[in-house]
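Residue numbers (mature numbering (1 follows the signal peptide of the UniProt record, and there is no 0)): -22 to -1, 1 to 351.
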């Protein structure tokens, strides 16, 4: 038989019986060799036609790798960047996956979701990660990433979720300046999760804009200083704000009262001064923690009694504080000398680090609404 005819028959046979594009199979073979504990059905030469576990395809091209919590061990090969149709990559909760995030990952131009939660990756986030223009979620929390947030992330105009929490990232929170992008450009983002890192410096005034759609701003447990920018009060879509565990100072901006959709506000363990903020505009506020700050006790707002949705309150109180709540379930008092509990018909009262001395009065146990003490 003519050699050319034989070659044609071999190629035709491969195309008939193999549903996976050849280059994609090559990459999947490299990944299989680089990882331990890959799924048992990763056999043969056809990831798409063979329906390899965690692999989805479209028109013979690998479009999704979803292998969360399967016990993978090894490193992420830079060859993955050759999967040019890949849209979804989720390797979360494989603690045996380590090494650096290959810089070539920025060549996955069709990638929409990058989820590497709870692995053991370390080193810097690739500087050009902002070139992934279709990215909607960048979820790298609970790893060992170091260095600064790349400014280029500000170019991810479709980004909805930015979760870099629980890493070792440091430096300032990047905002745009001239031709340099920053996080303030992410007007379509719903989530800024940057807690439990080592970010320092002030929270930039430019970080927040009135055209943003953020619902979560989580900057807790960092090394941030300075005051809360008043521009935070412009983001009326916010539902959860967590700034606890920093070294923030100054008064809480009065316009936070305009954030009427907030349900969770945690400002504890900072150095805030001035009056306890008036938050009566937060009609849906159910969890509030203002404890361990330096607020003026004498100015505690009686108007807090209007927070009818409040379920949990952590706060440092003046001796005379006494309020009526209709739905409060948990109340934690810090640095309290005297509390009049009879006007608080709550289910549970917790008093931590109060400095109380002497005997507990027997009448305390006669409170009809008390279930747990």
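Cβ atoms here follow ideal geometry from the backbone N, Cα and C, with glycine treated the same way.
Being a predicted model, the structure only gives us computed values, none of them experimental.
Asked                                                                                                                                                                      : Found
Quick check on this structure: which residue in 71, 115, 75, 264 has the alpha carbon closest to the alpha carbon of residue 55?                                           : 75
Name the one or two DSSP bridge partners that residue 99 has.                                                                                                              : 77
In this structure, how does DSSP classify residue -3 when only helix, strand and coil are distinguished?                                                                   : coil
When the Cα atoms are used, what is the spatial distance from residue 133 to residue 125?                                                                                  : 19 angstroms
With distances taken Cα to Cα, identify the nearest neighbour of residue 233 among 282, 102, 222, 214.                                                                     : 214
Quick one: using the 10 Å Cβ neighbour count with 16 as the cut-off for buried, is residue 222 buried or exposed?                                                          : buried
Can at least three beta-carbon pairs, one atom from the stretch 193 to 203 and one from the stretch 150 to 169, be found at a separation below 8 angstroms?                : yes
What's the gap between the Cα of residue 174 and the Cα of residue 201?                                                                                                    : 9 angstroms
Starting from the Cα of residue 151, find the closest Cα among 140, 180, 135 and give me that residue.                                                                     : 180
Whole-angstrom Cβ separation of residue 93 and residue 117, contact assumed at under 8 angstroms?                                                                          : 4 angstroms
Taking the CB atoms as reference points, tell me whether residue 27 and residue 45 lie closer together than 7 angstroms.                                                   : no
Give me the Cα-Cα distance between residue 209 and residue 34, rounded to the nearest whole angstrom.                                                                      : 43 angstroms
Leaving out five residues on either side along the sequence, give the residues of the same chain with a beta carbon under 8 angstroms from the beta carbon of residue 137. : 113, 114, 115, 116, 131, 164, 166, 167
Skipping 5 residues on each side, what residues in its chain have a beta carbon closer than 6 angstroms to that of residue 67?                                             : 43, 92
On the CB-based measure, 16 or more other CB atoms within 10 Å of its CB, does residue 206 come out buried or exposed?                                                     : buried
For the beta strand (DSSP E) containing residue 219, list its first residue and its last residue.                                                                          : 218 to 220
Using a 10 Å radius around the Cβ and a threshold of 16 neighbouring Cβ atoms, would you call residue 36 buried or exposed?                                                : exposed
Can you give me the Cβ contacts of residue 271 inside the same chain, cut-off strictly under 6 angstroms, excluding the 5 residues immediately before and after it?        : 248, 250
Based on the DSSP output, what are the partners of residue 53 in its beta bridges?                                                                                         : 76
Is it right to say residue -3 is buried, meaning 16 or more other beta carbons lie within 10 angstroms of its own, or is it exposed?                                       : buried
For the beta strand (DSSP E) containing residue 267, list its first residue and its last residue.                                                                          : 265 to 267
To the nearest angstrom, report how far apart residue 21 and residue 11 are at their CA atoms.                                                                             : 12 angstroms
CB residue 263 to CB residue 240, shorter than 7 angstroms?                                                                                                                : yes
What three-state label does DSSP hand residue 184 in the structure shown?                                                                                                  : helix
Are there 16 or more other CB atoms within 10 angstroms of the CB of residue 162, so buried, or fewer, so exposed?                                                         : buried
Can you tell me which of 60, 71, 24, 149 puts its alpha carbon nearest to the alpha carbon of residue 102?                                                                 : 149
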